[in-house]
Every structure is written in C-alpha cells, then in structure tokens.
Amino acid sequence: MAGAGSIEMGKIKEAPVAPPIRRDLLEALQTGAISMAVMLIAAIFFSRIIGPLFTLGNVEETVTDVLSRLLLLVMPYVAYIAAASVARRYTYIDTARALGLAFTTTLALFSVVSAGHYVSDTGVFAPRPALQMTLVQSDAGIRVESVVAGGAADLAGIQAGDVITAIRRDPVDLQAFNRRVSQSLEGDPLRLRFIRGDEELQETVRIVLLSGKHFNALLPGLAFALAFTAIIVFLPGQWAPYIALVGLLSPLLIGYFWVIVATFSFRTEGLVPLDGNDNFGGLTLKNWESIFVGNIAGLEFNIVPIFMTSLAIAVVMTFIVLLVSSMAGYALSRMNFPGRRFFLSFTLILHGFPAITLLIPIFFVLLRLGDIPFIGELIGFNTIGGIALVMVAFQLPLGVWLMKGFFDNIPWDMERSALIDGASRWRTYWEILLPQIRPGLLALGIFAFIGGWNAYIIPATYSIGSGVSNLPVFLEELIDATAPVDWNQVAAVGLFQLIPIFIFFIFAQEYLLNIYAGGAKGTS
Amino acid sequence: MRITIDNLTKKFGDVVGVEDLTLHIDDGEFVAFLGPSGCGKTTTLLTLAGIYKPTEGQIRFGERVVNQVQPKDRNIGMVFQSYALYPHMTVFQNIAYPLKLKKVAKNIQRERVQQVANVMGIGNLLDRRPGQLSGGQQQRVALGRALVKEPDVLLFDEPLSNLDARLRLTMRGEIKHLQKDLGITSIYVTHDQVEAMTMADRIAVMNGGHLQAFDAPDELYSRPKTQFVAGFVGNPPMNFVSVEVSRSNGRFIAETDRLRLEVGGDRGGAAAGFAGAVVMGIRPEDIQISGDGDIAGEIYVVEPLGREDLIDVRVGPHSFLLLAGAETQYRAGEEVKLAFDMDKVQFFDPQTEKSILWQQ
Ligand SMILES: Nc1ncnc2c1ncn2[C@@H]1O[C@H](COP(=O)(O)OP(=O)(O)OP(=O)(O)O)[C@@H](O)[C@H]1O
Ligand SMILES: [Mg+2]
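Keeping their order, the protein sequence lines are chains R and X. In terms of our numbering, the first sequence opens at residue 23 and continues consecutively. In terms of our numbering, the second sequence opens at residue 821 and continues consecutively.
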C-alpha cells in the first residue's frame, strides 16, 4: 500500500527493487554500531588518554572529562540517528518496512547500550539514592507503608505507620520528597519530621545507594528511543538543515531570549520571570524606566549624552574608515608608486598586530596631540575625536586591504571607458568605481560601525575621568557601582545598546538584498 | 580628423608594447590594426586614447599635438572588447553619460540618446541594465555610447570577438556602414584578418610591436612586402617552400627536392638575381589538382569546409595546402598531380624575410 502511494506521488517511475531484508538490516545495524564504537573510542580517548596528560602537567582540567561524559550521553542517540537514516532510504519503497527496520535496529542498539549499563552499573542501572521504605501520599502527609528491615529508615527508627510531614521545617508531599531523595548523594542526612500516633517526632535518616537493577526503569528510555527513531524516519528531508541550525544556534537564541525576558522582569530563575514571592510573574518596566530616568541604584546619569558619544564614535569612525580605506585601496590597486609593495606588506603586518600592546604608547601620543592648540581639542586625550582617531587607525589596515581587493576586481576597461567618455579621474572614482564596490563599502561600514559602537577598551583607556563615556564604558561603570549587581538592570542597558545595531542591520540587509536582486553584477 | 603618429614607442618598464610606429591616417579613413595576440594593437589604441602616455614619439590629431592631452579632452569614442558598460546604470544612463559629462542640456540628452538608440536598434531597451542584455545588445549599447557624443575619432578594440559568427557578420556590415555615413576617422583593432580585409580602407599589419605593412587590403594580399604579411593575410595561409631559382635557356626554373617549376619572366628574373636559396610563397587557390599537372604528390588530409575542401598534399618533404570544390571526392592516400599558377608566386629573402619582388 505504501509502495503504491509513493508511486502515485510521482517520486519513482519504475518499480523499485527491494534489497533482501537481511542485507538492509545488517547495513543499518552496522552503521549504528560503527557510530557507537567511534563515539565510545572518542570518549575513552578523552577521559583516559588526554585527561591524564593534563593531570601530569599539574593542570586542573575538567573539559576532557565533561566532553567524555557528554559523548557517552549522546552516543546512543547518534547511533539511532545513523541507523534510522539508513532505514529512511527505504521509506520510498515501503513505509512500514522502513519503520520496522528502524525499530528493530533501535531495539538492538538499545539492548547493547542497556547491557553495557547493566554490566558497568551506569545509566539506568546506576545505584540510586534511597531510604529503603515504601511510601504513599495520604491526606495527613506521607504515610510509611513498610520499612526494609536493617535498611536506612529502619536504622533511623522510622516505623511503618508513621506519617512524614516535613523535611526540616519545609512541608513536603510525596513528589517533592522523592525528588529530594533522588537529588541527594550517598550519606546525606535528611531530618524528617513525622507524626507517630499523637506525637510529632524528628529523626535524621542517611541516604544510601541501592544498586537495584529494575528492568522497569528501561521502559521509558526504550519508548523515548523508539519515538525518536520514528521521528528521524519520517522527518521531511528539507527540515534537517533547519533543525541542525536551530540546534547549533540554541545557546545563542536562549541567551537572547533570557536577555529580553530579564529586562522586563523583576527577577528571573532560569528563563522564568519571578515576582517577590517566587511565583511566576513579576513583569515590570522598571529596568527600562530607570535607564531613561537616569538613576540606577543611586548611580545618577544622563543616558542621552552617553548614547550620543557612542553614536558619534561609531559614525565618525565609519565615515573616516570608509573614506580613507577606499581611497587608499584604489591607489594601491590601480597606481604604481615607489614603496607600494612595502606599504602593502606593512599594513598586513599592522593588521596582525594586537592593539592592546599599543595602548600605552598611543596614550603618550594622544597626550602630546592634546598639547597642540586647537587641534588638541579635537583629537587629543579625553576627546571623542582622539578615541575615534585611534580606533580608525586600528581598523584601517583591514579596510585598505579589503578595498584593494574589491578594486582589483573592477575591470580596467570600465575605468578607461569612463575616462574616454570624458570624466575626470575623480569623477570616474565617484560615479563609476565606487558604485561597483558598494557591497564592499557596506560590509566594511558595518564592521566599522559595530566596532565603534561596541568599542570598550580604547574609550575606557583614553577617556579616564572625563565626561566622555560611551555605552560599553557606562555598562562597566554600572556593574562597578552597584553591589549586589542587578543583572536584570544590566541586561536592560545591554539590550538598549543593541537596539541601534538591530536597526542598522535591518536596513543594511534590505540594501544588500537590493544590490543582488537588482542584477547589478558586472557585465564584463 | 587626420591622425599622425610619428615614431611612437610605448614601453612598460622593459616590456615593449609598441616600437617606432609611424602611421598617417587620413580624415574619414577606416583603418584596421591587424596582428597576432600581444603585438601591441591595444597598446597603440590606448596611447591614442590618452590612457597611456607615449614613451617616445608624437601623436597629432589634425595639427594639434595630443601627447599630453587628457583622454577627456580628446573627443574620442571607444568600444572595448569587454564593452565596459557601467553595470549600475541603465542603458539610457550609459549612453547619456558622455553627454552628461559634456553638460549637454537634459532634454537634448534625451533626444540624442533616443536617436542613437534607434539607429542601433536598442530604442526599446533603454530602461534595462547591462546585466539584463544579451551580448549583441550590450555591444550595440557600447557602440551607441561611443557614437553619441559625435567624436572626432572612433576606436574599436576587437568589438566583435565576443559575438557569435552570424551576429559578427551583421555587425561588421553595420559598423562599416555607420562609419561611412558619419565619416568619422576610425581605427579598428582585430586579429581576425577577414574582418580587417572586409571593413578597412587600409590595414596596418603589426607583429611584435612593429609595423609590418600599411596598405589597402588588395595590395596586402597580392603584393605582400614581408613574409609575415604574406603568411598572416589570407585564409588558409600561403604555402612557403625554400627553392633555388636559376636561369636556363632564357627560362627561369625554381627547383628543390622533388619540385621543378618554371617561373614567369618578371618574377623569375628578380628571384634569379638573388644569390642563394629564396623562400617561395604560393596561395592555396593558386594550386590546382589536375590531370595535366607536372608535380606528383600524395593527399595527406582532407578537411571539408562546406563550400570547398581544404586539402593537404605532400610532395616529398614539402606540404602544400590547397582548395578543391566540395563536389570532388578526394581521399587521404590518393596520388594526385598538381598544377601551380606560377604567375602569382611570391619570393622572399630568407634572412630579412622581405619581399624580393616588392620593395618598400
Ligand atoms: N599595462 C601593461 N604592463 C606591462 N605590459 C603590458 C601592459 N599592457 C600590455 N603589455 C604588454 O605589451 C605587449 C602588447 O600588448 P597589447 O595588449 O597591446 O597586445 P594586443 O596586440 O592588443 O594583443 P591581443 O590581441 O591579445 O589583445 C604585450 O607583450 C603585453 O604583455
Ligand atoms: Mg588587445
């Protein structure tokens, strides 16, 4: 039936030849087993070989350990995916058979994994923290049905018929109680409050680890594995890239989600906004209000000049970087002059030079510049101009190279043609050449703007003790000035800082799309 | 506009682009620069346009020396091989650009562009961008842009080499027609000798940066002054064979291994007067396969060209290309007799490669 269905859908024109069932089963099993083996070996490699090497070097190191455990954790699922993707190929012949194949393989792989867990006392078969008594929820509290003779509860003096009401002073129900137990480690004391007859008593019970091998515990895992496999088999192929993308981006997406939620809430626990009583809710505009009011936990400020400083640095920088880079790039691409090669290699070296090492020398340069009358007020120490100048200098090597590359790609003939048509060199540059490198200018402009907008080290270094501070510097001041730090408030300032970047990107994206949709690609 | 090029040399560092070129082009003349790749055609053209400054020599437009004049002040129009249209401008803006630079009034611009576009047959494409045009249409836009400002000189750098054979034929006719109509002095660079032969009033043949010959197409074809010109002009190329020409009993005999041919009086006399071996050249159409030919040869390859077959005949160590009607059914390996039309042979000095018959 499924075979006929897929023919109707027009996916295949000839009757497909189904391979013998045992061969595809073998292939699926093999694929699953190989991926499992690879991950297992990788996990062992990290925990047994790389890890000890670090320890030998007296380095406290947990990355390899975490990595190894992560690999072991995802190993079965990678194997299911590998096997199910083999089975997927047969969906076009017979859906039922593909599913059967996937399930059989998954079952086999699951058994192997479980057997491994059984033997090594890990996974579902790992010893569990327990108190060795059976409990039921009753109206009065948690009633003890029975205790294991000689077990932890028995040793502590708990008897059948006792009704547990609280751990220390926190009232509990059965669910909370079990959760508390399962999260405890071996030997942890739990002080239980319970009622025996009319008396209210307290006893401390110590957690023990029980290696009870309950096969029932396998069932949820198996069900999940089978459902997982079924999804893989039926997942439309074109979704795969999106799922992978969302999966890989999820840390970022979750991060942004938190920032947004946090700015609008009083307090957050994970991604959940909470009010003063730890209940869901507590949404507020206070974090945003205080930015515009200009008072955060006693720190008084005016956001407008800070914002304008950021904007001024970014805009001035973008403008100068674009202007100088494009002109220098043009000269380097089109003209031959003494020192051209040296200049090219030198800018490349400058680009690789870490900016931090130059902080102090540049400080002196700016100080001296500040001594020059008139000019000093524009580009000296503690001026926006000075900060922009230094940042421009750091951006230029990249910009010049980028622009040279773009100019190199413009055919000479286009320029010659313009000159012969009667344009001066300047006009040719502005009217003919610059439009050809618009995407490059835009890319460099975005780099420069974002670099300028988010700049922290240079503004922080060259505007000490002055009124000049941009948003990133202000953010740092905010964190310094408040104790304890109100992270929701910090998130609001951070998000506020991001807004212009978002706007910039929305416009830039439209512009970029226009460039490519407009067919402006060269004809020659 | 008369163009006078005197002893023009252009070097790029040590690389010679063109050397010691002297060329006088009359007003309204259509001159083709013909030569193999890298011989300096484009270099000469760009020097005329003012993109390159001459290393030595002088260029005059009319009476004006233009060596130091900027390209924009030379009033020339140029069509590039790559068309070099401005991709960010519409067809209208492309064609109007030279007028805009001349500060022609907007309404006159519009009128002139429309007029030129109509002549070029692209009047309905003015709103498109170059990227949305076919190669042939782009070519017409480029031509329109060069023509719109009514230049004194038109320069073409292999403008047709990116078009298919059919379109090339049409455009060839159109360009020639336009040029004659407008009477604009034109220089047309090409390495396709058919293009040069059919379009030009005179052809300047160049090789290795030097001018080889500057003459009308017929002259170049029938009276080549150097062996290079003889070999380069004409398709399929001239056959060359080294012979000794001697006089016996008042007749002139050209002779070499397996070849013995009688040469007519004038040509034979000049060749016989030359001491030692000379290079004899004979065009493919001057050799016939015929029963009463006196040279025996063997067909090596037959290449059908459609209207006729190109046949490579081996005579001992020598190889001759010749043409035969397509209806003939020659096969490789066949033995044939050849008849040479010895009244049309050329003789060249093997050392200087200069013609023995025609002196410069
Ligand atoms: N800008 C340049 N720098 C250095 N050498 C150059 C330059 N332009 C041309 N040449 C050299 O000058 C010589 C002549 O080049 P030119 O472009 O004039 O040849 P061409 O006859 O136009 O050839 P083609 O038919 O391939 O276009 C070549 O050897 C070339 O390498
Ligand atoms: Mg060229």
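Quick reminder that beta carbons are idealized off the backbone N, C-alpha and C, glycines included.
Exercise. Answer with buried or exposed for Met349/R, where buried requires no fewer than 16 other C-beta atoms within 10 angstroms of its C-beta.
Key: Label assigned to Met349/R: exposed.
Quiz item: Would you say Met940/X reaches chain R, if we count a Cβ-Cβ gap shorter than 8 Å as a contact?
Solution: Not a single CB atom of chain R sits nearer than 8 Å to the CB of Met940/X.
Practice problem: Just tell me which of Thr875/X, Ser954/X and Leu945/X has its CA closest to the CA of Gln913/X. | Solution: Leu945/X
Practice problem: Mind listing, in chain order, the continuous alpha helix (DSSP H) runs of no fewer than 4 residues lying wholly within the segment 933–991 of chain X? | Solution: 955–967
Practice problem: Below 7 Å CB to CB, which residues in the same chain sit around Met61/R once its five sequence neighbours on both sides are set aside? | Solution: Taken in chain order, the residues that qualify are Leu93, Met97 and Val100.
Self-check item: Span of the alpha helix (DSSP H), counted from its first residue to its last, around Pro74/R
Solution: Gly73 to Leu78
Quiz item: Sorted by chain position, which residues of the same chain lie with C-beta nearer than 8 Å to Phe199/R's C-beta, five sequence neighbours on each side aside?
Solution: Within the same chain, Phe199/R has close Cβ partners Leu157, Ile164, Ile186 and Ile189.
Quiz item: Around the C-beta of Asp1129/X, are 16 or more other C-beta atoms found within 10 angstroms, so that it is buried, or is it exposed?
Solution: By the 10 Å Cβ count, Asp1129/X comes out buried.
Quiz item: By the 10 Å Cβ neighbour count, where 16 or more other Cβ atoms means buried, how is Phe246/R classified, buried or exposed?
Solution: exposed
Quiz item: Got a sec: is the Cβ-Cβ distance from Tyr917/X to anything in chain R below 8 Å?
Solution: yes
Quiz item: Name the residues in the segment 417–440 of chain R whose C-beta lies less than 8 Å from a C-beta of chain X; which are they?
Solution: Pro433, Asp435, Met436, Arg438, Ser439 and Ala440
Quiz item: Quick one: is the Cβ of Asp1086/X within less than 7 Å of any heavy atom of ligand 2?
Solution: no
Quiz item: To the nearest angstrom, how far is it from the Cα of Glu30/R to the Cα of Ala120/R?
Solution: Caution is warranted here: a pLDDT of 44 is assigned to Glu30/R, below 50, making its placement in the model unreliable, and the coordinate value is therefore given only provisionally. Near 19 Å, if we compare the C-alpha coordinates of Ala120/R and Glu30/R.
Quiz item: Taking Pro1124/X as the reference, which of Ile1115/X, Gly1117/X, Glu1118/X and Leu1142/X has the closest Cα?
Solution: Leu1142/X
Quiz item: Within the present structure, is the beta-carbon of Thr862/X separated from the nearest heavy atom of ligand 1 by less than 7 Å?
Solution: yes
Practice problem: Mind listing the chain R neighbours of Lys892/X? Cutoff is C-beta to C-beta under 7 Å, in chain order. | Solution: Leu441, Gly444, Ala445 and Ser446
Quiz item: Is DSSP giving Phe1160/X helix, strand or coil here?
Solution: strand
Quiz prompt | Members of the segment 891–911 of chain X near chain R, C-beta cut-off 7 Å | solution = Pro891, Lys892, Ile896, Met898, Phe900, Ser902, Tyr903, Ala904, Leu905, Tyr906, Pro907 and His908
Quiz item: Would the C-beta of Asp977/X count as close to ligand 3, meaning under 7 Å from any of its heavy atoms?
Solution: Ligands displayed in this structure: ligand 1 and ligand 2; ligand 3 is not among them.
Practice problem: Note down the Cα distance separating Leu293/R from Pro273/R, rounded to an integer number of angstroms. | Solution: Using only the alpha carbons, I get a separation of about 13 Å.
Quiz item: From what residue to what residue does the beta strand (DSSP E) around Gln197/R run?
Solution: Element bounds for Gln197/R: not the beta strand (DSSP E) but the alpha helix (DSSP H), Leu196 to Ser204.
Quiz item: Just to confirm, does Val835/X get its C-beta within under 7 Å of one of the non-hydrogen atoms of ligand 1?
Solution: yes
Quiz item: Does any CB atom of chain X fall closer than 8 Å to the CB of Gln458/R?
Solution: Any Cβ of chain X closer than 8 Å to the Cβ of Gln458/R would place that residue at the interface, and such an atom is present.
Practice problem: Select from Ala130/R, Arg111/R and Thr117/R the residue whose C-alpha is nearest the C-alpha of Met58/R. | Solution: Ala130/R
Self-check item: Check: Phe496/R C-beta below 7 Å from any heavy atom of ligand 1
Solution: no
Self-check item: Interface flag, Ala26/R vs chain X, CB-CB below 8 Å
Solution: Because the pLDDT of Ala26/R is 43, which lies under 50, any placement of that residue in the model is unreliable, and the number read from its coordinates should be weighed accordingly. No - not a single Cβ of chain X is within 8 Å of the one on Ala26/R.
Quiz item: Of the residues that make up the segment 865–879 of chain X, which ones have a beta carbon closer than 9 Å to any beta carbon in chain R?
Solution: Leu866, Ala869, Gly870 and Ile871
Exercise. With DSSP collapsed to three states, give me the class of Asn827/X.
Key: strand
Exercise. Grab me the residues of Met821/X's own chain with a C-beta within less than 7 Å of its C-beta, minus the 5 sequence neighbours each way, in chain order.
Key: Asp847, Phe881, Gly882, Asp972, Val973 and Thr1005
Quiz item: Under the three-state reduction of DSSP, which class applies to Pro1170/X: helix, strand or coil?
Solution: Of the three classes helix, strand and coil, the one that applies to Pro1170/X here is coil, per DSSP.
Quiz prompt | Ile523/R versus Glu208/R, Asp508/R, Arg45/R and Ile468/R, residue with shortest Cα-Cα distance | solution = Minimum Cα distance to Ile523/R is reached at Ile468/R.
Quiz item: How many Å lie between Ile378/R and Met413/R at the Cα?
Solution: 12 Å
Quiz item: When every heavy atom of ligand 1 is checked, does at least one fall within less than 7 Å of the C-beta of Gly870/X?
Solution: Flag unset: Cβ of Gly870/X not near ligand 1.
Exercise. Take Ala1152/X as the anchor and find which of Asp1163/X, Arg1022/X, Gln1166/X and Gly1117/X has the nearest alpha-carbon.
Key: Gly1117/X
Quiz item: Cβ-heavy atom distance between His908/X and ligand 1 below 7 Å?
Solution: No, the Cβ of His908/X stays beyond 7 Å of every heavy atom of ligand 1.
Self-check item: Minimum C-alpha distance to Ile384/R - residue among Ile479/R, Lys308/R and Pro360/R
Solution: Ile479/R
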